[in-house]
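Okay, structure first, notes after.
Residue numbers (my numbering): 19 to 1230.
See below:
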């Protein structure tokens, strides 16, 4: 009888494994298991090559072209180019092909270069030498040649070449220390454990005798989860099974520290390693500006089709007369006469589409990409956001969302490590109601003069003394802190040197370090973990040893951790620490009321509280606990669930010992930042896992809540007294009583006339609100909408006891509400990643909880206070710059193409182009592209110091105000008006023979000098100068670079036109532009017409700006006027509110908003609102010194900054 089958079945069911679908079997050292144990089924696994590149030499061109032509604009221009090649079109295929080729080539070169860099990085990694065991010897091979099952030797300070299971190390206890900074940014040393049965193997020869298999899950990207087991075949028939978890898994990219060497087996290789699986890009986020841009493109595409359709219809109406159909100079061929009229009409329609296709600006995409990419460096270069403490600058992980920083309406922030420093200090501990306050201890630094223990109340007595020491021992044992042994100059390790403990503590949790350091001040010093024994130095300087038997790790669901230890006397203890909500329900004795009162008192003070409990275990209880834990640990399927169930059974019937209180100080200027965000019109929500009292105290300290704020509670405690339905409707009536049926607008700000409300909600209540409505019940259907209505009327919201997934649910709920506000999430820990990815803009803080948040964010900063400048200054600038860029691009293309449309009415709809091919090709590429690109990088319409001091200016750009449809229509009609001025102005001026005379004797010769191309060149010249000067008038911040680019682009156009028309180019089959530009400039009336048409085109927009600034100025325009009045040195003592809404005199019924010049005309006895003092701060982050202070000249002050539009193109 084959017992192996029965044994395998028993093993599967004993370990709780229901399915083997998602598992793999790895044969260590590629050795077959002993005969009769299990079938040897070798599996194919990938090699260890890492491939982060997208292209190869063979597929680069087709794959890159395919990706680029997936963009609608590129595909559209490709179709136009093909149409020009196939049919007889009025313009050369080069007019569309050259710009498209330029865009495609530039993008391909950029992407190809980036991929070449990735190839180099891949090769350096793949060819890195590693040491592996083969046939009982250590051999050297390339990393890419490693295979699953190879036994690898790694030495100190080397990185792991693939994901490995630790078999043994140079340390006696089989542990090793690892840093995972390259994976999650955590620089602390983590401890990993070898398999108990293999930790004694230390040579290649010994591993040659090892026969073992590993069964584990298939690769998945979670860095902190691993489920598997190892079967070790020794002399006996039955294998020894041991569980494998994340504590045994060494991840690729991590570095070995403080361990001489180790041996491990490759479990995941190449692109199946967890690091490679995390290469996958996040979902693409699109900004509101990009959505507006796509909507505008659709509108202009409809305009283009309408133009082509109108011209096609009018052409056939025009040609209905036979005399017009076939003039002598354009007689049709026999083939054309026989072609069907619908085919001819469709061909003409395509020809008109080609003629007018320049209204769609293909170069706008390239300009926008360059603006975003180059503009992102201003954040990274900002010295105000540089953190000298850690030597880090802000990081921009994606530049696609720069302008979204200027549109934020909701800010969701974590508390610990984001609003606070995550720099823990033990403030007090309470044992059976007796309070102990150690002196200030923070991260191993003891303040001078701190000696002994401060006892708040009386000494606890003999019985209490035992409980007190048990409490201190519990905190010294119940943790995952590591002891980092520092080295002296002589290289002697000094964990305990001259009777004093000199090592430092390191842990992934700052709370644990603070507690262990606090215990050191209270007389109990944790020394080390050695050979599975934890050593403690007590008050009598005696070393106590406890054998560490089991660790029940902390998780965010249980919110507690436990350890099972055996004392030197053989007694079993289970110590547990955790949140009060998870400890109190599991306590059966102890001074619960006294401790609970102290915990609540500390929570109100804003301190982080933990409760400590214990119980003694009998031998049977310990054996039962071990059995439960081992069964759960050996499971390959649902291991986490089974462990949670086992923990729930084991962690109960505790005796309460006491509680601790740890202070997490508020970050520098966190309160000022939140107050500024409120003034800017943003709603700030704090999402935290802390208890309500602690979080509320932090919210008051950070000015999220004010003392006048009425707090509304939507918590489990209240819903136990009333039904959730009643609580929600009571709160709804409360907040709407003052506002009636009208809700407070997101950007209405904080008014002194209405009550401010603050809402506090916990995770359990939120789950009930978000629970989907069941069939047949209508009561719960509106909970979500009622909750949103309450939130809209609250100035701030605090969500406590939040799980990571709930944070993301909150963000998603607000993001998808009917207003569709722009959301921003900011956090510093792995538990914040979900909400960072969910929000429109995700910001990670490079803090002490690792770099997971920074790695997964769109932007990363070092302190919460930097959020103020990032939004109020950088975000403001980014938005106004790209808004002008988008509107200006559409405007200048309307000016460019509309004259061509008008020209068809004067040329019999013959599809005759108005402009030369070179002008059509270079208009968007060369003549008008650089000025707007530079504007979009450097424009500062308001000094950055004013933006920081007056957050309310952020409201002027809120809700995509500069890209709304009325603004878009205004720019479009401005372009149409300017185009008509160009075309008809030049047309009527040319129609006058006397006016066009250049002084020559023969008027007929003069008339012949002005033909079709001369007329088109004149219109094009007016067009280029108008759109460029229009941008110059819109520019507020001038540097020498602005002057160079703006006036240089006009000079380039003139030089190019002189060369293009002054030389007979041999590669051209036509010379229609020869000497045209020079002849035009030789005529005085042509010069006069150019100047006159430019002035007429710009005048309406200038007048509109002057009138609006004088009669209905915006807040921004008032600040601009005031700043220019004082030459850019508006006093920091100036009350900016006086510029926003100056109080009117009681007898003055005009009620209009007075201008700054009104103050100057006022009586001298009246106190001044402005003081002429100078700022001492830096001017801006664009460090170019001003060459000509045009922006400060009286001629360009205030209203003189008008939006003028470029003129349209015309044809004769």
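The beta carbon of each residue, even a glycine, is placed where N, CA and C say it ideally should be.
When we look at the beta-carbon of residue i and count the other beta-carbons within 10 Å, is it buried (16 or more) or exposed?
i            : result
residue 1109 : exposed
residue 153  : exposed
residue 61   : exposed
residue 1098 : buried
residue 1135 : buried
residue 1105 : exposed
residue 532  : buried
residue 167  : buried
residue 88   : exposed
residue 320  : exposed
residue 931  : buried
residue 989  : buried
Output needed for residue i: all residues of its chain with C-beta closer than 8 Å, excluding positions within five of it in sequence on either side, in chain order.
i           : result
residue 603 : none
residue 282 : 169, 170, 172, 178, 182, 183, 184, 185, 268
residue 785 : 824
Quick check on residue i: does DSSP put it in helix, strand or coil?
i            : result
residue 164  : coil
residue 1020 : Low confidence applies here, because residue 1020 scores a pLDDT of 31, under 50, leaving its location unreliable; read the following figure in that light. If DSSP states are grouped into helix, strand and coil, residue 1020 belongs with coil.
residue 566  : strand
residue 730  : strand
residue 1233 : Any question about residue 1233 goes unanswered here, given that the chain covers just 19 to 1230.
residue 372  : helix
residue 140  : helix
residue 670  : coil
residue 754  : helix
residue 966  : helix
residue 410  : strand
residue 214  : coil
residue 405  : strand
residue 438  : strand
residue 76   : coil
residue 187  : strand
residue 1092 : coil
residue 606  : strand
Examine chain C for any beta-carbon lying closer than 8 Å to the beta-carbon of residue i, and answer yes or no.
i           : result
residue 581 : In summary, chain C is missing from the structure at hand, where a single protein chain is found.
Residue i bridges to which residues according to DSSP?
i           : result
residue 703 : 430, 815
residue 679 : 446, 627
residue 997 : Its beta-bridge partners do not exist; DSSP assigns none.
residue 554 : 544, 562
residue 592 : 582, 633
residue 147 : 160
residue 120 : Answer is none; residue 120 lacks a bridge partner.
residue 452 : 449
residue 173 : 279
residue 841 : 428
residue 776 : 729, 814
residue 181 : 286
Is residue i a contact residue of the ligand ADP, with contact defined as CB to any heavy atom under 7 Å?
i           : result
residue 984 : Among the components of this structure there are no ligands whatsoever, and the ligand ADP is therefore not found.
Near residue i, what residues of its chain come up, given a Cβ to Cβ distance below 7 Å and the 5 sequence neighbours on each side ignored?
i            : result
residue 293  : 201, 269, 270, 271
residue 1164 : Note that residue 1164 has pLDDT 40, beneath the 50 cutoff, so the model's placement of it is unreliable and the number below is only indicative. Excluding residues within five positions, none has a Cβ falling inside 7 Å.
residue 1031 : 934, 1090, 1091, 1094
residue 692  : 702, 720, 721, 722
Can you list, in chain order, the residues of its chain with a C-beta nearer than 6 Å to that of residue i? Leave out the 5 residues immediately preceding and following it.
i           : result
residue 147 : 158
residue 920 : 1001
residue 687 : 883
Exercise. Could you pull out every unbroken beta strand (DSSP E) segment of at least 3 residues lying fully inside the stretch 229-263, listed in chain order?
Key: 230-235, 246-250, 258-262
Exercise. May I have a chain-ordered list of the alpha helix (DSSP H) segments no shorter than 4 residues that lie completely inside the stretch 880-942?
Key: 884-887, 894-921, 935-940
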